[in-house]
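Everything on this sheet refers to the single structure shown next.
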Amino acid sequence: MAAPSWQEIAKMIDHSLLHPTMSDRELMEGIALAGRFNVASVCIKPYAVKMAAEMLAGSDVRVCTVIGFPHGNSRVDVKVYETERAIEDGATEIDMVVNIGKVLSEDWEY
Numbered sequence: 000m001a002a003p004s005w006q007e008i009a010k011m012i013d014h015s016l017l018h019p020t021m022s023d024r025e026l027m028e029g030i031a032l033a034g035r036f037n038v039a040s041v042c043i044k045p046y047a048v049k050m051a052a053e054m055l056a057g058s059d060v061r062v063c064t065v066i067g068f069p070h071g072n073s074r075v076d077v078k079v080y081e082t083e084r085a086i087e088d089g090a091t092e093i094d095m096v097v098n099i100g101k102v103l104s105e106d107w108e109y
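Numbering (numbering that gives the first Met the number 0), first residue to last: 0 to 109.
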């Protein structure tokens, strides 16, 4: 069996741009890098979804964002609102963080 090509490996990568101190310039550079190497997706902060979608238009790099990140403690209606806005802005993948305390408490109605 042949070793995978760099292109095949790139399609296994979700390029994360979620560090809280990343500047807009760093986000733009990360998005451009994701496009240049044609990775599977770029996972971006919710406020930057529209920028990422515009920068990656015409490519097959998916735009992912996070909801309820990092601890999942947002109310469900807030997560729904954030998800709807992310989709409107061009997100094609959503990583939603559950409220682990509620899961461990088996509180499914919160």
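For every residue, glycine included, the Cβ atom is placed at its ideal position computed from N, Cα and C. This one's a predicted model, so the numbers in the text were calculated from it and none came from an experiment.
field: Anticipated Cβ contact below 8 angstroms, Val96 with Phe68, distance rounded
entry: The beta carbons of Val96 and Phe68 sit about 5 angstroms from each other, so the pair counts as a contact at 8 angstroms.
task: Report back the beta-carbon spacing between Ala33 and His14 to the nearest angstrom; my notes put them in contact at under 8 angstroms.
output: Between the beta-carbon of Ala33 and that of His14 there is about 4 angstroms, and that keeps the pair under the 8 angstroms contact cut.
field: Option in Pro3, Ser40, Met50 with minimal Cα separation from Arg24
entry: Closest option to Arg24, Cα to Cα, is Met50.
task: Let me know if Ile86 comes out buried or exposed under the rule of 16 or more other beta-carbons within 10 Å of its beta-carbon.
output: When all chains shown are included, Ile86 counts as exposed.
task: Find the nearest neighbour of Thr91 within the set Arg61, Ala47, Met54, Tyr109, judged by alpha-carbon distance.
output: Here the closest residue by C-alpha is Arg61.
query: Excluding sequence positions up to five away, which residues of its chain have a Cβ less than 7 angstroms from the Cβ of Ala47?
result: Cβ within range, chain order: Leu26.
- request: Leaving out five residues on either side along the sequence, give the residues of the same chain with a beta carbon under 7 angstroms from the beta carbon of Asn72.
  value: Residues of the same chain with a CB within less than 7 angstroms of the CB of Asn72, apart from the 5 flanking positions on each side, are Asn98 in chain order.
query: Bridge partners of Asp76, per DSSP?
result: For Asp76, which the question treats as bridged, DSSP gives no partner whatsoever.
Segments of 4+ residues assigned as alpha helix (DSSP H) that fall wholly inside the segment 2 to 28: Runs found: 5 to 9.
field: Residue from Ile12, Pro45, Ser22 with nearest C-alpha to Lys78
entry: Closest by alpha carbon: Pro45.
query: Straight-line CA distance for Asp105 to Ile66?
result: Strictly speaking, residue 105 in this sequence is Glu, with Asp absent from that position. Between Glu105 and Ile66, the C-alpha separation is close to 21 angstroms.
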